[in-house]
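Per the numbering used here, numbering through the sequence shown is continuous, rising by one, with the last residue being 180. Ideal Cβ positions, reconstructed from N, Cα and C, are used throughout, including at glycine. The structure appears below as structure tokens.
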Amino acid sequence: MLQLGEESFFALARKNEVNGILIPDLPFEESELIRKLGEATGIPLISLVAPTSKKRIEMIASNAQGFLYCVSSLGVTGVRDTLPETLNDFLTEVKRHSRVPVVVGFGISTSEQVSMLKNYCDGVVIGSALVQKIEQLNDLLQTEEKKEEALAEFRRYARSLTAPLR
Numbered sequence: 015m016l017q018l019g020e021e022s023f024f025a026l027a028r029k030n031e032v033n034g035i036l037i038p039d040l041p042f043e044e045s046e047l048i049r050k051l052g053e054a055t056g057i058p059l060i061s062l063v064a065p066t067s068k069k070r071i072e073m074i075a076s077n078a079q080g081f082l083y084c085v086s087s088l089g090v091t092g093v094r095d096t097l098p099e100t101l102n103d104f105l106t107e108v109k110r111h112s113r114v115p116v117v118v119g120f121g122i123s124t125s126e127q128v129s130m131l132k133n134y135c136d137g138v139v140i141g142s143a144l145v146q147k148i149e150q151l152n153d154l155l156q157t158e159e160k161k162e163e164a165l166a167e168f169r170r171y172a173r174s175l176t177a178p179l180r
């Protein structure tokens with residue numbers, strides 16, 4: 015985006031049927047131009063909101079486009095054994111102010127966590143757990159005779175994570 019320029023980026027994104035963009039390190043206070051270009055081109059800027067002050071949560075949630083990505087806990091992404099005890103309260107606060115669907119990610123790695131969260135959000139993002147599973151299956155994925163078996167195992171694993179949503 016920086017190399018192309020914002021307007022050229024959005025024109026190219028529109029041409030290539032991009033449905034939304036997420037810029038992880040873009041502070042909300044610096045996002046107005048991107049949000050306006052997103053509105054004008056129909057490509058929403060997906061905002062991230064972390065468990066911070068209620069005032070900041072309201073500011074970000076009330077201006078969200080597309081969907082709102084809630085960061086489950088402060089810090090880096092990755093698999094976590096437990097989620098913060100305050101997560102449900104945080105999600106409830108976000109949903110109170112959001113006009114768009116609310117999803118939660120960062121550390122979601124078990125079907126039990128998905129089950130716990132499903133009544134507080136509209137979706138979950140599971141990233142690191144899936145990457146870890148791919149890494150575990152990497153050797154099988156490299157061999158033609160075992161590739162289908164590995165893909166089937168990956169599909170079973172991914173479905174097991176989302177089973178509470180069905």
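- Here the region 50-62 does not lie against the region 94-103, with fewer than 3 beta-carbon pairs under 8 Å apart.
- Using a 10 angstroms sphere on the CB of A177, the tally of other CB atoms stays under 16, which defines it as exposed.
- Distance from the CA of F168 to the CA of R110, rounded to the nearest whole angstrom, comes to 36 Å.
- In the structure shown, G80 falls within a coil segment according to DSSP collapsed to helix, strand and coil.
- In the DSSP annotation of this structure, L62 is not part of any alpha helix (DSSP H); the continuous beta strand (DSSP E) holding it starts and ends at 59-63.
- Fully contained in the region 101-130 are the following alpha helix (DSSP H) runs of length 4 or more, in chain order: 101-111.
- CA-to-CA, the gap between Y134 and S125 works out to about 15 Å.
- Within its own chain, the residues whose Cβ lies closer than 6 Å to the Cβ of P115, once the five positions on either side in sequence are excluded, are F81, D136, listed in chain order.
- Contact check for V63 against A75 passes: the beta carbons are separated by less than 8 Å.
- When secondary structure is reduced to three states using DSSP, L18 falls in the coil class, being assigned neither helix nor strand.
- If you draw a straight line from the Cα of L51 to the Cα of A166, it is about 41 Å long.
- Of the other Cβ atoms in all chains shown, fewer than 16 fall within 10 Å of the Cβ of S129; this residue is therefore exposed.
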